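If you use my numbering, the sequence shown corresponds to residues 21 to 208, in order.
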Amino acid sequence: MSDAPHMAPGGLVVDQVALAIQTLRASTPGHFDALVRIDNRADEAIAPFQFDAARGMLHRKGCRAIPVNAPLLGLAEADPDYMIYACKRCKPVPETSPETKAADRADVMFGLVSLVDQFAGVLKERGRDYRQTADGQHLGAQLQDVYQALGAREKEIVDVVIGALDQVAARLRSLDGGLKQTAAKGED
């Protein structure tokens with residue numbers, strides 16, 4: 021008879037995976053984070069809002085109106101719809117999130133243009149180099165075969181998509197050029 025306990029087929033693999041995960045997690049010194057947390061008191065302790073489940077009342081953390089052994093659920097944020105359950109003493113008003121400023125959106129757009137500008141030349145050069153390799157030539161032949169196998173309608177769609185991408189790239193290059201000229205005038 022075997023020393024191994026009776027398991028369903030594949031059970032040994034699952035056990036080996038579980039043991040490997042435990043070993044890996046145990047090898048990380050000073051770090052333990054449960055895969056599934058049943059006791060979330062640590063998270064509730066740092067939450068800015070506390071919901072008293074027994075009385076159906078929303079409190080701010082540390083409110084003196086919270087009963088001593090109340091079953092609390094910690095909330096990271098309070099939705100405005102929860103205000104009907106708000107405690108009259110601490111008045112847990114949700115903090116309004118600051119709207120994204122137009123300047124922030126512009127900064128993101130400028131960052132995107134900058135990335136495209138920085139890497140466009142590199143990508144083109146890498147593409148030319150790859151096209152000259154055996155793998156690149158093989159891929160090119162495969163793409164040519166796929167394109168030839170397409171029907172007239174599919175070829176039109178592919179051509180429109182590629183044309184649109186070319187127009188987007190050209191527009192980004194022109195915007196970037198305009199930004200560089202504006203920046204150069206601003207430095208003078």
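Positions of the beta carbon are idealized from the N, C-alpha and C atoms, including for glycine. Predicted, not measured: the structure shown is a model, and the values here were computed from it.
Assign residue i to one of two classes, buried (16 or more other C-beta atoms within 10 Å of its C-beta) or exposed (fewer than that).
| i | result |
| --- | --- |
| P100 | exposed |
| D23 | Residue confidence for D23 is low, a pLDDT of 49 falling below 50, so the modelled location carries little weight and cannot support an answer. |
| F130 | exposed |
| I86 | buried |
| F139 | exposed |
| Q70 | buried |
| A135 | Note that residue 135 is Leu in the sequence shown here, rather than Ala. That one is exposed. |
| A126 | exposed |
| L170 | exposed |
| L95 | buried |
| L92 | buried |
| G183 | exposed |
Quick check: the Cα distance between residue i and residue j, rounded to an integer number of angstroms?
| i | j | result |
| --- | --- | --- |
| R191 | V133 | 10 angstroms |
| P68 | D124 | 27 angstroms |
| A73 | G198 | 59 angstroms |
| Y102 | A40 | 44 angstroms |
| V4 | V34 | Residue 4 lies beyond the range of the chain shown here (21 to 208); nothing can be said about it. |
| A98 | V88 | 22 angstroms |
| Q9 | Q42 | The requested residue 9 does not occur in the structure, where the chain is confined to residues 21 to 208. |
| A65 | C83 | 13 angstroms |
| V37 | T153 | 41 angstroms |
| E174 | R146 | 28 angstroms |
| L185 | A172 | 20 angstroms |
| A90 | K108 | 17 angstroms |
Which residue or residues does DSSP assign as beta-bridge partners of residue i?
| i | result |
| --- | --- |
| A106 | L78 |
| D72 | M77, L92 |
With a threshold of 6 angstroms on Cβ separation, who are the neighbours of residue i within its own chain once the five nearest residues in sequence on each side are excluded?
| i | result |
| --- | --- |
| A106 | L78, P112 |
| R80 | C110, P112 |
| H158 | none |
Kindly list the residues whose CB is nearer than 7 angstroms to the CB of residue i, restricted to its own chain and excluding five residues on each side of it in sequence; keep chain order.
| i | result |
| --- | --- |
| L195 | V133 |
| G76 | Y105 |
| G156 | Y150 |
| D137 | D196 |
Quick test of your reading: residue i and residue j, contact by CB under 8 angstroms. State the CB separation rounded to the nearest angstrom.
| i | j | result |
| --- | --- | --- |
| G160 | R151 | 6 angstroms |
| V180 | Y167 | Not quite, the Cβ-Cβ distance comes to about 14 angstroms (not below 8 angstroms), so this is no contact. |
Any beta-carbon of chain B closer than 8 angstroms to the one on residue i?
| i | result |
| --- | --- |
| R151 | The question asks about chain B, but that chain is absent: this structure has only one protein chain. |
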